[in-house]
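Below is one structure; the comments refer to it alone.
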Amino acid sequence: MLGSSNARARMVVNTVLLSIIFLFSVIIIGIVGVNGRVTSSNLRKVCLLYVSQNNGVARYNDAYCLMPMIGSAVVAFFALIFLIALVIALTRHKDFFPRAFSVLFMVLCALLSLLAFAICGEIGIGLNKSCSALQVFRCRSQQNFSALYAAEIMAGIVGGLWIFATIFEIIQFKRIPGPLGRHPELNPYGSSGYQTIQPTVRPKTSTSLPESHHTDSAQAPEAAYDHTYAQRQAYVSSPHHQPPLTHTPTPGVSVGAGPKAEFSETLNPGDKMRFNVVGFPNTENGSFGVKIGTSVTKLITTVDTFPLWSGIVPDATESVEYKYVKLDDAGSVVEEESFVRHLTQAKVIKNKETLNEFFQRETTIWTLPNVPQVYERELPSQSNALEAEDQIATIHITVAPERLDTILKTPMSDLAHEPVPVHFCYINDNKILSLNDVAMKISGKSSMEFNKQAFKFDFDDAKNQSFFHRQHIKLRSQTQDPTMMREKIYIDVLNAMGVPSQQGAWVRFYANKKPIGLYLMVDDISKSFLRQTIHHGDKLVVAGSLIQMNAPEVETQADLIYKGPTSATYPNDIYKMANLGSNPPTDPLHQLIQFMQELQAFNPQATTPDPIAFWQDRIDLDGFLRNMAMEYLAGSWDAYWYSGSNYFMYFNPTLTGNPSSGANSKIAATAPPGRWQWISTDFDGSFGNGDPTDTLTTYDAWVPAPSFTQHDRPMVTKVILKCPVIREQFERILRETVGWCFKPDGLFPRIDVYEKMLAADVAWDYSIDRSAYPGKNNLFTINDFHNSIKGPVEKIGLGIRPWIEGRTKDLQAQLSFAVQAGAPDRVPRPVRHKKKLDGSDDSGADVVSEGVRRSAPTLWMCSMLTTGAAYAIGLLMF
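Just so we're aligned, residue 1093 is where the sequence shown starts under our numbering, counting upward by one.
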């Protein structure tokens, strides 16, 4: 829901009208209640309206003047409900109701205006008839007559105000963008400060290029231009970025020949097809078009949808062949795609629009082979753009140029670490998220040493912002991995192992129209991550303590060694409190220190009769062992086992577990509430990348003995290596993971698709000139990208494929088992049972905005009250 000032003005006017309606309705109830009741000759209380000489009164008005009073109460009730809805919309910067709510508002406004006029007539006609029949002083008294006459006037005014409210909402409704395909389309104009999980915002018009603008394509490099906030505002008035008010038919658009695909839905002559492309022109006023045959239709964008260009071409058919073209300031073609596109997806034909396709990228959506599921997994309660792993999305930000220069050119400065407000635009195949005032800052530790920086975005919940149910995301630069896929493969295996983990998807990142690079967008471990991934959307759970573990230096590691009873003993840069939980502010690590003290006292061989039960009472033991198994299998050297770094510990107040049935099962009712949960992060140093030994060793010898002597990690040495029963459980996890998933048959098919999917975008990243930025540059090439998948390259001793093959072969020898061929699932794949609210499922469900989601309980309560009120009125009146 993107706004316009006129829309908000109409909403403010309707708010005033509803306030007057509510006030007048309450006054009418009081006037009729006080002045409408009289005492008849038999001392029976009756209503003055319609009373006859024999004290007879119409049944529905007998005794309490029911019709005007109940009718006014109904009017006041609905006025109050709509008034609350309008106030919520205005305070949340919404300029439109959802379409269904708007229709309901208009219908009820019309009906309530009729009810108000009926009340007016009831009072007026009733007074006339009763006064004529009675001819008594009390009827003609100034007090009663004047008061009821005033109520009659007010009821008429209320009816008129309802009519005005209806008219304003009709005007408003015509400007609510209608549904497009299976998604409700949102207004693309005006401020984008209101956050919504929305489908693509697309202009509804297109213009055509004259024949003289059809030229041969020419290669032109993608240019970058400074785009300040002032320029961004001026951008709206540019003729290339603001749609005309009416649709202009596109003459001369022909449909290319080609084999006709068979779809359940087809396009017929006269249908309109919307084409959408993401791209960056070479010049400030350049644009894009779609070429069908020899005719080019110019596409347009808006300040809030850039860099997405859209336009409608009439008379398209499902057999159409087309290309996107890049245009200069004059509208001439300067670059044409090197391949021909076809409308090859049934949902594209059904929705009468293409996906959001990227210029010169031939495939938008890839089919990814599944990684075999080893253990049961619960999906996050809400779908997330981070799950869009089958495509490469686009993020474009607009930021003050001087602040961007500070971040890129002086990443170690204090100012570079200060949050900077940006306009944030995310575009994937069918959605666009456009937000103002998103906080961006530099991210990472060792990544700051390179000339390609990592970034973090914070979405302010107070401003009703979120990134698809997340408040924080990170863009991982992947500077030390020439394939840029090691971390994603690691995440894929954690998912297959049923381990709650941050998710990741690739994005191209641009700032002020400048290419910044290809990044892996991942969850930031925060309270929103805990709510959606750990607690499955339960807002009633109060999050426990969350501690981020780091190893700033080789000598300082988050090893979980007990060093004393107070938090002051543990440096904040090693044990960083991310969420206090139930710890006292003066001792934020209190719970973790208790855990470390128990770890120190634990004797795996002598004093603990049941080590599994002992640790399961304190930590999700299965989850911890799976994380450690993956650290060893992938050779993740920059993690706990090898370096005492890059993990979180979360005290989950709801976690109950059983050593025999996994992380989410129940334990005895006598067990204390809450367990620690292990969450691993940052996985690029894996699959042979940076492993200090570059060898495949047994798990008990993977970390050299001197390392453990100097820097013990007791959760490995005491809990796994020296505890026979837990070690047996750990080996079982290794066998099951390698036997079903971590093997060539389980991972190579997906790696092959990743290689094809990423090749062009990795080459694009490596072509970006970062010579003006300080820091190291590994000078990887596209050849290194391919070679590091299949073998060694400079600085990296093992490729991804050889690492997996070697680990699989080595572990079979270690644990004396055989890996079977094939890649079936060991357990059923996870299913998200809760309906997705961001519209990314395939069920055809409409997209629901974040504002509607938050207002859902209120709307539900209003609907129940409305139903009850209607039922009660029916009983009373009929």
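Every residue, glycine too, gets a C-beta built ideally from N, C-alpha and C.
Here the structure is a predicted model, which means the values were calculated and not measured.
| Asked | Found |
| --- | --- |
| I1487 vs N1604 beta-carbon contact at 9 angstroms | no |
| Of the listed residues S1620, S1737, N1476 and P1503, nearest to N1520 (C-alpha basis) | N1476 |
| D1103 burial status per 10 Å Cβ neighbour count (16 or more: buried) | Note that residue 1103 corresponds to Met in the displayed sequence, not to Asp. Its Cβ being crowded by 16 or more others within 10 Å, M1103 is buried. |
| Validate contact between the segment 1550-1568 and the segment 1468-1483 using beta carbons, cut 8 angstroms, 3 pairs | yes |
| Cβ contact check for the segment 1564-1572 and the segment 1452-1464: 3 or more pairs under 8 angstroms | no |
| K1296 versus T1386 - alpha carbon distance | For K1296, the predicted structure reports a pLDDT of 39, less than 50, and the residue's modelled location is therefore unreliable. The matter cannot be settled from this model. |
| Nearest candidate by alpha-carbon position, reference Q1594, set R1767, F1209, E1897 and N1738 | N1738 |
| Environment of F1779 [buried if 16+ CB atoms lie within 10 Å] | buried |
| Same chain, Cβ closer than 8 angstroms to H1509, neighbours up to 5 away in sequence not counted | K1533 and I1534 |
| Host beta strand (DSSP E) of T1829 (start-end) | Element bounds for T1829: not the beta strand (DSSP E) but the alpha helix (DSSP H), P1816 to W1832. |
| Validate contact between the segment 1432-1451 and the segment 1366-1378 using beta carbons, cut 8 angstroms, 3 pairs | yes |
| Residue burial classification, A1247 (beta-carbon count within 10 angstroms, cutoff 16) | buried |
| Among P1592, Y1518 and S1659, the one whose alpha carbon lies nearest that of W1598 | Y1518 |
| Y1865 - partner residues in DSSP beta bridges | Note: Y1865 sits in no beta bridge, so no partner. |
| Whole-angstrom C-beta distance between P1644 and I1626, which should lie under 8 angstroms | That belief does not hold up - the Cβ atoms of I1626 and P1644 are roughly 27 angstroms apart, past 8 angstroms. |
| Cβ-Cβ separation, V1417 to L1435 (assumed contact under 8 angstroms), whole Å | Between V1417 and L1435 the Cβ distance is about 18 angstroms, and since that is not below 8 angstroms, they are no contact. |
| Buried versus exposed call for E1428 [16 or more other C-beta atoms within 10 Å across all chains shown] | buried |
| Beta-carbon gap between L1638 and G1673 smaller than 9 angstroms | yes |
| Element boundaries [beta strand (DSSP E), containing A1531] | I1524 to S1535 |
| CA nearest to the CA of A1635, picked from L1622, T1571 and N1377 | L1622 |
| Candidates R1893, S1735, F1716 and A1705: closest to L1826 by CA position | F1716 |
| Neighbour-count burial assignment, N1106, 16 or more Cβ in a 10 Å radius | buried |
| Identity of the residue in I1874, K1868 and D1837 nearest T1900 by Cα | D1837 |
| Where S1473 sits in the DSSP three-state scheme | coil |
| Per-residue DSSP class, three states only, for P1513 | strand |
| Length of the line joining the Cα atoms of S1379 and Q1545 | 29 angstroms |
| Integer-rounded CB distance, given that I1704 should sit under 8 angstroms from V1817 | 6 angstroms |
| Buried or exposed by the 16-neighbour rule on C-beta atoms within 10 Å, applied to L1632 | exposed |
| Cβ pair K1548, N1642 closer than 9 angstroms | no |
| Touch test, the segment 1156-1171 against the segment 1112-1120, Cβ-Cβ under 8 angstroms, three pairs minimum | yes |
| P1796 burial status per 10 Å Cβ neighbour count (16 or more: buried) | exposed |
| Residue range of the beta strand (DSSP E) that includes W1401 | L1400 to P1406 |
| E1244, buried or exposed, once every other Cβ within 10 Å from all chains shown has been counted against 16 | buried |
| The segment 1868-1881 in contact with the segment 1806-1815 per 3-pair CB rule at 8 angstroms | no |
| Beta-carbon spacing of N1528, P1511 below 9 angstroms | no |
| Per-residue burial, P1592 [other beta carbons within 10 Å of its own, 16 or more giving buried] | buried |
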